[in-house]
Every structure is written in structure tokens, then in C-alpha cells.
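Participant: This is the structure I have questions about; it appears just below.
There are 2 protein chains.
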Amino acid sequence: MAKSPKISASHEPGGLIVHISGLLPSLSPAEQRVARLVVADPADAARRTITDLATAAETSEATVIRFCRSVGMEGYPQLRIRLAAEAARRVEPPDARVVGGDIPPGADLAQIIATIAFNDARAVEETAEQLDPAVCEQVVEAIGAAGRIDVYGAGASGFVASDFQQKLHRIGRTAFYFPDVHTALTSAALLGRGDVAVGISHTGTTSDVIEVLEQARARGATTVALTNFPRSPITEVADFVLTTAARETTYRSGAMASRLAQLTVVDCLFVGVAARNRARARKALEATAEAVQSHRVGSGRRRG
Amino acid sequence: MAKSPKISASHEPGGLIVHISGLLPSLSPAEQRVARLVVADPADAARRTITDLATAAETSEATVIRFCRSVGMEGYPQLRIRLAAEAARRVEPPDARVVGGDIPPGADLAQIIATIAFNDARAVEETAEQLDPAVCEQVVEAIGAAGRIDVYGAGASGFVASDFQQKLHRIGRTAFYFPDVHTALTSAALLGRGDVAVGISHTGTTSDVIEVLEQARARGATTVALTNFPRSPITEVADFVLTTAARETTYRSGAMASRLAQLTVVDCLFVGVAARNRARARKALEATAEAVQSHRVGSGRRRG
DNA sequence: CGCCTTCATGAAAGTAAGTTTCATCCGTGG
DNA sequence: CCACGGATGAAACTTACTTTCATGAAGGCG
Numbered sequence: 079m080a081k082s083p084k085i086s087a088s089h090e091p092g093g094l095i096v097h098i099s100g101l102l103p104s105l106s107p108a109e110q111r112v113a114r115l116v117v118a119d120p121a122d123a124a125r126r127t128i129t130d131l132a133t134a135a136e137t138s139e140a141t142v143i144r145f146c147r148s149v150g151m152e153g154y155p156q157l158r159i160r161l162a163a164e165a166a167r168r169v170e171p172p173d174a175r176v177v178g179g180d181i182p183p184g185a186d187l188a189q190i191i192a193t194i195a196f197n198d199a200r201a202v203e204e205t206a207e208q209l210d211p212a213v214c215e216q217v218v219e220a221i222g223a224a225g226r227i228d229v230y231g232a233g234a235s236g237f238v239a240s241d242f243q244q245k246l247h248r249i250g251r252t253a254f255y256f257p258d259v260h261t262a263l264t265s266a267a268l269l270g271r272g273d274v275a276v277g278i279s280h281t282g283t284t285s286d287v288i289e290v291l292e293q294a295r296a297r298g299a300t301t302v303a304l305t306n307f308p309r310s311p312i313t314e315v316a317d318f319v320l321t322t323a324a325r326e327t328t329y330r331s332g333a334m335a336s337r338l339a340q341l342t343v344v345d346c347l348f349v350g351v352a353a354r355n356r357a358r359a360r361k362a363l364e365a366t367a368e369a370v371q372s373h374r375v376g377s378g379r380r381r382g
Numbered sequence: 079m080a081k082s083p084k085i086s087a088s089h090e091p092g093g094l095i096v097h098i099s100g101l102l103p104s105l106s107p108a109e110q111r112v113a114r115l116v117v118a119d120p121a122d123a124a125r126r127t128i129t130d131l132a133t134a135a136e137t138s139e140a141t142v143i144r145f146c147r148s149v150g151m152e153g154y155p156q157l158r159i160r161l162a163a164e165a166a167r168r169v170e171p172p173d174a175r176v177v178g179g180d181i182p183p184g185a186d187l188a189q190i191i192a193t194i195a196f197n198d199a200r201a202v203e204e205t206a207e208q209l210d211p212a213v214c215e216q217v218v219e220a221i222g223a224a225g226r227i228d229v230y231g232a233g234a235s236g237f238v239a240s241d242f243q244q245k246l247h248r249i250g251r252t253a254f255y256f257p258d259v260h261t262a263l264t265s266a267a268l269l270g271r272g273d274v275a276v277g278i279s280h281t282g283t284t285s286d287v288i289e290v291l292e293q294a295r296a297r298g299a300t301t302v303a304l305t306n307f308p309r310s311p312i313t314e315v316a317d318f319v320l321t322t323a324a325r326e327t328t329y330r331s332g333a334m335a336s337r338l339a340q341l342t343v344v345d346c347l348f349v350g351v352a353a354r355n356r357a358r359a360r361k362a363l364e365a366t367a368e369a370v371q372s373h374r375v376g377s378g379r380r381r382g
């Protein structure tokens, strides 16, 4: 059994359900049907026998077993038990409407707000649960020691990349972000051993970002990927993979929740790096805060 | 099949474990051995196969089955999943350190992650709770009907502003964001009745943003402020005020959590606007999604 | 004391669940 | 058009679970 020697791989402590939904797109169609049933109602799945579940997913038992292996379980009984445990742990959601992720056509604003907030908060929490501190540690270490850090991201992930760049910059790390692929590519070509390149892509399939990360890696830089899908193409050009845990819903809410999750991960890395050298980071932060002070009015203290 | 008219079977509320230890003395010696194992470590028992457990209890599988029936379960698999669920439900309370908000100097990465995620999630939830749907409704209405929307923000709030602009743009609303104050001012000067200006500032004291919003208001545009502090200066130049609810902590975590809260609000407004005209929004979203399709690689499916 | 009854128990037979193997099918790229 | 590789389910197979049944220990009674 040759396993891919990825850094993150085996570890899925937080939620199995979360882990499964992350893996969902990397599964074969038949396995996806199984996965969807499992994610939709873990407790129910745990109650079913393998034959039962296979029938419900309109597939064979063999596929269910394959699915078990795909998500890192030994066999069906193991999956069953894990599911039962997960389902039990899970506090029941405040409102059934809210969990689906998508907004019903007739929804009023209050519902919309509740739904979005629920999904956003969940994405943040679940992301934190499944983040591997060991991998984060290594990434923090690499960034803390890097001569230079490039952060790549396109579209919505571009904001996150940019945010990360700004944060690192504020604590005195030399960091860059490029909105333009060509510039990014030329920058990546100038990276070398000891530098770090971070690529952010929700789907993990953004070719621009992958390409740039690949270039950076070829030049000897340490590459880090931040994506929602642990087996997406971007992970193949990354030394370290960090994953978010936004549930797969529609393109709309999925991407939105994912962005918050990405920011949370960025925050964690940032604080980790800052904590590595508190004194210096604090000093840098204070200096930058002071710099914008003249652009603030009054006290800003308020309310009662 | 004729069922034995057993205890009460189907429903033993509180804990199965408690239930079992309750009727332990009424069990036969061999069953008691099984029961003791189960009570001692439910999670472990759930992991074992029936043969395994029987051996461990120095008895036969038949006795284990009898035990299952004695405690009201149908069979061994049922007992197993119930045990797994029970064991999982015994949750450890969330780490007290985590809720405080700030990161202690000696914190390791796992703590940092937990703290940040907790605060981020809380900020999102609390923001949603205190958001006034009526105000949102009016803002959505204004944006939905606007000839043009300007979004202003500086520093970290600039990312949020930019994000909002991009979102509105994607559903076919004419929206602008200006990283530069001068450009923003000139743009604001060109706004008029029916247009909307949104100013984003965590502290509510960012003079650049206030100034621009003021300009927009003077030209007759509807002004919206998004801030964490409901009585800050920015609220004085806004027709509608939306507030986030990030707790006041240190400059670090406060601003970070606030940014997520801001994004949540932006998401809500966005979805609200999109919901106002689903068909059109969906069409626009699909068109934009299609546009970037060629920049994605493969399906993202991988190995097995 | 011997015989009957009751019940706990495990061996073994029987059934169901889970797992592996393999032939087939389908899309992909030469 | 064919070779290739992955996805898939049928069927063979293995393991786990359940039932049946014979045994024997313990208690009651003549």
C-alpha cells in the first residue's frame, strides 16, 4: 500500500463529516453518492447496514467499502462507529432551515442573516478543529525564518492572499502579493531556498495559482497550499497543505464561508509567526498603528 | 418472530451506561463480566468485535448477545453504535483559556488556533444576532435600486470594501471601490440621488472614509456605515448604520475578528440584493463563473 | 439419596454482514 | 481504431453475528 507521502494526509482529528465533505469532489461519482448520504445524516447512516446504505446510494457494497477506504477508515464497521460518535457529539442546529446552506427563494432577510451567520461560524469552527497544529507549526517556522514570502491567490482568494501579505508586512516580514499572474510568475522565479510561497485557492484547481506555486517550488522555495479540498491539484505542488472546512453547498455560500475560513487560518498563521518573536512583532505593530493615527478622528470610544 | 417481553426495551433515556450499571446485579455472572467491561470503557468496547469482547470477558459470543438483549438492545451491532455515541457525548468543556480573547505568551499553536477560531466564530454569531433586519432591508432596497454603488474602506476594512464591490459587480450591480482617497473623493463628488455610498471602518474613526462618505451624502447619495461602534463619528454621516459585534480585545484579535464580522454583514447584504432579483443574479453569477472556468484545471479528482 | 426442573453456558450450526476478486464497461488519448 | 486506466457491480469469499441445542450445575422435592 504505497501511500502518498503528503504531510497532512492521515490526520483528520476534528470532524469526520467535515473531512468527508472536503474529500467529496475527489471521490468517484458512485462514492460521492454514498458520501452525500453520510454527510446529510450521519446518525442515520450509522444505523444502516452496508447493504442497506449501498442500496440507498444506488450502488454496490463494494463501492461503500471503497468509500470507507477513501476517507481513511479500515472498513464499514469502523465508519459506522465513527459516524455514530460524530453524530452524537454534534449539537443539534438551532434551525433546520439554516443548516442546508442554501437560501430558500422566499426567505426574508432575518432568515438570510441567520443562515449565513450559522454557516460562516460553522466553517470557522470546523476549520479550526481539523487544522493540524503540527503542519501549522512547520509553516509558521518556515515563514518566520523566510527571507521573503510570496502570497498568491486569484479572485476571492486574492483578497485573502492580500490580507495575509499585509499582515506579515505589518510585523516586519518581507511579504508580497501580486494581483497579476505575470508579475507573480516573475516573482516566483526569483524565489530560492529558504523563501516561502503560499498559494490560496478554495477549489484547489485555480491553474494560475498552481502554476505560480509550481514555479516557486522549482526554484527551491517552500510551498504552502491553502484549500478546501485536500486532494485537489494544488496540493501536489505544495510541501505543506492546510485545509479549510467549508461545507460544499452552492457556489455562492460555499465560496463565501470558505473565505472566512481561509481568513481564520491566515490569522492563526499570523499570530503564530508574531508569537515567535513577540517583542519584534509588537514593536512593528505599534509603529504601523501609530503611522495611521493621524487618519483617525476623535477618540473612537463609544456606547454604554 | 416472537419477542421476549423484556424490560422496556426501546427507550432508556439518560445514559445507556448508567442503565447498564443499574441492572448489573440482575445479570448472570457471565453477563456481568461483559457488562463490567462495557461500563469501564464504552469507547473501547465499541471498537471490539463480538468475538473479541467475548474473549475479553472470558465467555462466549452467545453470552454477549444475551447481554445485549438483557439491556434492551436488538443485537451486538446496535449496542456497538449506541456505545460509540454515548462515549462521544461525554464532551470535555471548552477550554477556559480560550474564551478570554487574548493569547497568553507561552501559548502553543493549538491554543492559538482554538482561541482565534472561538473569537472569530463568536464575532460572526453575535454580529448576526444584533443586526437589525429592518435596517438591512432598507440598505438592500437602496442598493438594489441604486444607479451606482461606491464602497469605501481603508486598511483592513479596505479588503472588505473591495470584496463587497466585487460581489456586487458579479451580480450585475454597478459598484466601485477605490484604494486611494483622492480618487474616492472625486468619485463621491459625482454621486447623486438614488446612488449609494457604503463606508466601512472598524473603529468608525477613519477620517478618510468619513470624509468621503460625507461628500457622498452632500451630493444626495444614500450613505451606509458599517462599523463596530454604533456611536462613532462615521455614524454621523450615515443614513443607515450597520454594526458588527467583535469584542473589544487587543488591537490584534479585535481587528481580526471584526473583519470576519464585517464580511458576514457584507455577505448578508449581498445575498439580500441577489435574492431581490434571483433570476438576474443567478444568470450573472453563472456567466462570471463560466468566465473563469478555463483557469481551472481538471476535475480535482485524485488517486484511490 | 436419587430424580426432576431450571437455568446458565458455550459449542457448533446457521445466517447475515462485510470484503475481495475479477470481468465488464466507459471515457481518454495515442 | 485500439490500448489503457479507472470506475463499477456481480459473485465468490471471509468474517461477524445469531440461533440452536446439548451439557452440566444448582436447587427442590419425594
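So the protein lines, in turn, are chains A and B. The first sequence begins at 79 in our numbering and counts up one residue at a time. The second sequence begins at 79 in our numbering and counts up one residue at a time. Note that beta-carbon positions come from the ideal geometry of N, C-alpha and C, so glycine has one too.
1. So with Cβ pairs under 8 Å, would you call residue 143 of chain B a contact of chain A?
2. Could you check if residue 268 of chain B is buried or exposed, using at least 16 other CB atoms within 10 Å of its CB as the buried criterion?
3. Are the stretch 310-319 of chain A and the stretch 293-301 of chain A in contact at 8 Å, needing three or more beta carbon pairs?
4. With a cut-off of 8 Å on the beta carbons, I'd call residue 453 of chain A and residue 232 of chain A a contact; round off their distance for me.
5. Can we say the stretch 233-250 of chain B touches the stretch 184-196 of chain B, given the rule of at least three CB pairs closer than 8 Å?
6. Return helix, strand or coil for residue 274 of chain A, following the three-state DSSP convention.
7. Any beta carbon of chain A sitting closer than 8 Å to that of residue 252 of chain B?
8. Kindly list, in the order they appear in chain A, the residues whose Cβ is closer than 9 Å to that of residue 203 of chain B.
9. In terms of residues, what are the limits of the alpha helix (DSSP H) holding residue 316 of chain A?
10. Counting only C-beta atoms, is residue 227 of chain B closer than 8 Å to chain A at any point?
11. Checking the sheet assignment: what are the DSSP bridge partners for residue 231 of chain B?
12. Going by alpha carbons, who is nearest to residue 193 of chain B out of A:160, A:203 and A:196?
13. Does any residue of chain A have a CB that is nearer than 8 Å to the CB of residue 257 of chain B?
14. Under three-state DSSP, which class holds residue 101 of chain A?
15. Helix, strand or coil for residue 303 of chain A? Go by DSSP, reduced to three states.
16. Could you work out which residues of chain A lie near residue 346 of chain B, taking near to mean beta carbons separated by less than 7 Å?
17. From this set, A:206, A:244 and A:273, which residue's C-alpha is nearest residue 322 of chain A's C-alpha?
18. My understanding is that residue 210 of chain B touches residue 266 of chain B, with C-beta atoms under 8 Å, so please give their C-beta distance in whole angstroms.
19. Give, in chain order, every unbroken run of the alpha helix (DSSP H) that is at least 4 residues long and sits entirely within the stretch 193-226 of chain B.
20. What's the gap between the Cα of residue 346 of chain B and the Cα of residue 337 of chain B?
21. Give the straight-line distance between the Cα atoms of residue 320 of chain A and residue 308 of chain A, rounded to the nearest whole angstrom.
22. If you check the beta carbons only, do residue 353 of chain A and residue 339 of chain A fall under 8 Å apart?
23. Any beta carbon from chain A within less than 8 Å of residue 350 of chain B's own beta carbon?
24. Give a yes or no on whether the C-beta atoms belonging to residue 351 of chain A and residue 251 of chain A are separated by under 8 Å.
25. Would residue 159 of chain B pass as an interface residue toward chain A - the criterion being a Cβ-Cβ separation below 8 Å?
26. Tell me the residue span of the beta strand (DSSP E) that contains residue 254 of chain B.
27. Tell me which residues share the same chain as residue 335 of chain B and place their Cβ nearer than 6 Å to its Cβ, disregarding the 5 neighbours each side in the sequence.
28. Between residue 218 of chain B and the rest of its own chain, which residues show a CB-CB distance below 7 Å, the 5 nearest in sequence each way excluded?
29. Please name the residue, chosen from A:115, A:289 and A:208, that lies closest to residue 261 of chain A on a Cα-to-Cα basis.
30. Under 7 Å between beta-carbons, which chain B residues line up against residue 47 of chain A? List them in chain order, please.
31. Can you list the residues of chain A that residue 296 of chain B reaches, using a CB-CB cut of under 9 Å?
32. Counting pairs of Cβ atoms below 8 Å between the stretch 152-171 of chain A and the stretch 139-151 of chain B, do you hit three or more?
33. Measuring straight from C-alpha to C-alpha, what distance separates residue 241 of chain B and residue 127 of chain B?
34. Considering Cα atoms alone, identify which of A:132, A:122, A:144 and A:131 is closest to residue 163 of chain B.
Facilitator: Result, derived from the coordinates:
1. If you number the second sequence from 1, residue 143 of chain B lands on position 65. Output row for residue 143 of chain B: interface = no.
2. Within the second sequence, numbered from 1, the residue matching residue 268 of chain B stands at position 190. So residue 268 of chain B ends up on the exposed side.
3. In this structure the stretch 310-319 of chain A lies against the stretch 293-301 of chain A, because at least three pairs of beta carbons, one per stretch, are closer than 8 Å.
4. Here chain A has residues from 79 to 382 only, and residue 453 of chain A is not among them.
5. no
6. Stepping through the first sequence from its first residue, residue 274 of chain A is reached at position 196. Looking at residue 274 of chain A - three-state DSSP - the assignment turns out to be strand.
7. As a first step, residue 252 of chain B is located in the second sequence; it is residue number 174 there, counting from the start. Output row for residue 252 of chain B: interface = no.
8. Here residue 203 of chain B corresponds to residue number 125 of the second sequence, with the count starting at 1. What residue 203 of chain B touches in chain A: 195, 196, 198 and 199.
9. Here residue 316 of chain A refers to the residue found at position 238 when the first sequence is read from its first residue. It is not in any alpha helix (DSSP H) - residue 316 of chain A carries neither H nor E in the DSSP assignment.
10. In the second sequence, the residue the question calls residue 227 of chain B occupies position 149. Answer no: the Cβ-Cβ gap between residue 227 of chain B and chain A never drops below 8 Å.
11. Looking up residue 231 of chain B in the second sequence gives position 153. B:278.
12. Position 115 of the second sequence, counted from the start, is the residue given in the question as residue 193 of chain B. Of the listed residues, the one whose Cα sits closest to residue 193 of chain B is A:203.
13. The residue labelled residue 257 of chain B in the question sits at position 179 within the second sequence. Judged by the 8 Å Cβ criterion, residue 257 of chain B is not in contact with chain A.
14. The residue you call residue 101 of chain A lines up with position 23 of the first sequence. Of the three classes helix, strand and coil, the one that applies to residue 101 of chain A here is helix, per DSSP.
15. On the first sequence, residue 303 of chain A is found 225 positions in, with the first residue counted as 1. In the structure shown, residue 303 of chain A sits in a strand (DSSP, three-state: E or B).
16. Walking along the second sequence from the start, residue 346 of chain B turns up at place 268. The contacting residues are 190, 191 and 194.
17. Here residue 322 of chain A refers to the residue found at position 244 when the first sequence is read from its first residue. The residue with the shortest Cα to Cα distance from residue 322 of chain A is A:206.
18. Position 132 of the second sequence holds residue 210 of chain B. Position 188 of the second sequence holds residue 266 of chain B. The pair is not a contact, with the Cβ atoms about 26 Å apart (cut-off 8 Å).
19. 211-223
20. Here the question's residue 346 of chain B lines up with position 268 in the second sequence. Here the question's residue 337 of chain B lines up with position 259 in the second sequence. Approximately 14 Å between the Cα atoms of the pair.
21. By 1-based counting over the first sequence, the position of residue 320 of chain A is 242. By 1-based counting over the first sequence, the position of residue 308 of chain A is 230. Roughly 8 Å between the two C-alpha positions.
22. Numbered from its first residue, the first sequence carries residue 353 of chain A at position 275. Numbered from its first residue, the first sequence carries residue 339 of chain A at position 261. The Cβ atoms of residue 353 of chain A and residue 339 of chain A lie no closer than 8 Å to each other.
23. Mapped onto the second sequence, residue 350 of chain B falls at position 272. So yes, residue 350 of chain B belongs to the interface.
24. On the first sequence, position 273 is the one that residue 351 of chain A refers to. On the first sequence, position 173 is the one that residue 251 of chain A refers to. The answer is yes: Cβ separation under 8 Å.
25. Position 81 of the second sequence holds residue 159 of chain B. By this cut-off, residue 159 of chain B is an interface position.
26. Reading the second sequence from its first residue, position 176 is the one you call residue 254 of chain B. Note, residue 254 of chain B: beta strand (DSSP E), 253-255.
27. As a first step, residue 335 of chain B is located in the second sequence; it is residue number 257 there, counting from the start. Hits under 6 Å: 197, 198, 201 and 324.
28. The residue labelled residue 218 of chain B in the question sits at position 140 within the second sequence. Counting only Cβ-Cβ distances below 7 Å, and skipping sequence neighbours, we find 347, 350, 351 and 354.
29. Within the first sequence, numbered from 1, the residue matching residue 261 of chain A stands at position 183. When each option's Cα is compared against that of residue 261 of chain A, the closest is A:289.
30. In the structure displayed, chain A extends from 79 to 382; residue 47 of chain A sits before or after that span and is not available.
31. In the second sequence, residue 296 of chain B corresponds to position 218, counting from 1. Those do not exist, as residue 296 of chain B stays about 17 Å from chain A at its closest Cβ, beyond 9 Å.
32. no
33. On the second sequence, residue 241 of chain B is found 163 positions in, with the first residue counted as 1. On the second sequence, residue 127 of chain B is found 49 positions in, with the first residue counted as 1. Distance from the CA of residue 241 of chain B to the CA of residue 127 of chain B, rounded to the nearest whole angstrom, comes to 53 Å.
34. By 1-based counting over the second sequence, the position of residue 163 of chain B is 85. The shortest Cα separation from residue 163 of chain B among A:132, A:122, A:144 and A:131 belongs to A:122.
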